[in-house]
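In UniProt numbering, the protein residues as written are 1 to 252.
Now the structure itself:
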C-alpha cells in the first residue's frame, strides 16, 4: 500500500449516492458509469456504508465508501481507525484502502456473508472465527504504544477515560438520567471508581497485551467460501476496525 490519497470531499447525509459517485470518478476514472450499481449495506448512526459495483466487471472489483456519522469523532478516533486499517492491511487481514475523504474512507469490497445466530453455531465456522481472532492477537506488538518499562501499553484505560469524560452531570432526557442514577447512584464518581477497580484487577492477572478487534458483532464477521455449489466456508474475515487497539487479551 503506497501513500493513501486524501480527497477534499464531504459527503452529505442526504446526498450519499451523488457524493459516492464523485469519489468513485476520482479513484476509478476508467469505469463505465452507465453500468454502476449502488448498494446500501449499513445505514447506522456511527457509519453509513455504500457499495459501488460495475456490472461489466467482477463483483470482487467493487468499492466500498464508508461515511462517518455526525459527531462520532467524539467517541471514535478516526485517525486511529485509519492507522489500524493500514496496520491490518500490511498484516494481510484487511482489504486495500484506496483513499480517505473529509468524512470517510474508500476501500476494496470484501465478498462474504455476515454471521447469523445460526451460522455462528456451526463448528466449522466458529473454529475459523477462533483462528482469525488468534491471528489478530499474534500481530506484532512492536506497533503498540510503549509503557515506561518498555512493555506494550494497553490503550483500554485511555479509551475508557475518553468515554467517561463524555458523560454529563445530568442527562437532558429524564428517563436516561433516571436510568443512569439507578445504575450509578453516585453519578460519574461511582463509575470512575468502578473503572479503577477493574483496572487494578486486570493489571494483576498477568494477561498479555495484544491487538484486539473489540467489536466482534455478528455483522462484523464475514464468512467466505470458494463460490462452488454447496461449498463449505473456507475462511472468515473481521471488518470494521473503529475500536481496535492493543489491550489486555482476556480477564480470566
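We put the beta carbon where it would ideally sit given N, CA and C, even for glycine. In this text the structure is predicted, and so the values were computed from the model without any measurement.
Cβ separation of residue i and residue j, assumed to be a contact under 8 Å, to the nearest whole Å
{"i": "residue 25", "j": "residue 54", "result": "So it is not a contact: roughly 12 Å between Cβ atoms."}
{"i": "residue 124", "j": "residue 237", "result": "15 Å between Cβ atoms; not a contact."}
{"i": "residue 50", "j": "residue 16", "result": "6 Å"}
{"i": "residue 9", "j": "residue 22", "result": "6 Å"}
Cβ-Cβ distance between residue i and residue j below 8 Å
{"i": "residue 223", "j": "residue 115", "result": "yes"}
{"i": "residue 112", "j": "residue 68", "result": "no"}
{"i": "residue 204", "j": "residue 245", "result": "no"}
{"i": "residue 241", "j": "residue 85", "result": "yes"}
{"i": "residue 188", "j": "residue 160", "result": "no"}
{"i": "residue 256", "j": "residue 6", "result": "Nothing can be reported for residue 256, as the shown portion of the chain is limited to 1 through 252."}
{"i": "residue 95", "j": "residue 79", "result": "no"}
{"i": "residue 97", "j": "residue 239", "result": "no"}
{"i": "residue 136", "j": "residue 211", "result": "yes"}
Alpha-carbon spacing of residue i relative to residue j, whole angstroms
{"i": "residue 106", "j": "residue 247", "result": "27 Å"}
{"i": "residue 249", "j": "residue 218", "result": "20 Å"}
{"i": "residue 13", "j": "residue 38", "result": "15 Å"}
{"i": "residue 169", "j": "residue 201", "result": "27 Å"}
{"i": "residue 42", "j": "residue 66", "result": "9 Å"}
{"i": "residue 59", "j": "residue 163", "result": "39 Å"}
{"i": "residue 180", "j": "residue 172", "result": "12 Å"}
{"i": "residue 18", "j": "residue 74", "result": "27 Å"}
{"i": "residue 132", "j": "residue 47", "result": "24 Å"}
{"i": "residue 134", "j": "residue 197", "result": "28 Å"}
Counted within 10 angstroms of its Cβ, other Cβ atoms place residue i as buried (16 or more) or exposed
{"i": "residue 165", "result": "exposed"}
{"i": "residue 175", "result": "exposed"}
{"i": "residue 206", "result": "exposed"}
{"i": "residue 92", "result": "exposed"}
{"i": "residue 140", "result": "exposed"}
{"i": "residue 183", "result": "exposed"}
{"i": "residue 221", "result": "buried"}
{"i": "residue 158", "result": "exposed"}
{"i": "residue 56", "result": "exposed"}
{"i": "residue 156", "result": "buried"}
{"i": "residue 52", "result": "buried"}
{"i": "residue 11", "result": "buried"}
Residues that residue i bridges to, as DSSP identifies them
{"i": "residue 53", "result": "37"}
{"i": "residue 93", "result": "Per DSSP, none; premise fails for residue 93."}
{"i": "residue 78", "result": "Partner(s): none; residue 78 has no beta bridge."}
{"i": "residue 98", "result": "Its beta-bridge partners do not exist; DSSP assigns none."}
{"i": "residue 114", "result": "222"}
{"i": "residue 235", "result": "224"}
{"i": "residue 182", "result": "DSSP output for residue 182 lists no bridge partner at all."}
{"i": "residue 105", "result": "66, 100"}
{"i": "residue 27", "result": "Answer by DSSP bridge pairing: none, since residue 27 is not bridged."}
{"i": "residue 246", "result": "211"}
Chain C within 8 Å of residue i, Cβ atoms only
{"i": "residue 81", "result": "The question asks about chain C, but that chain is absent: this structure has only one protein chain."}
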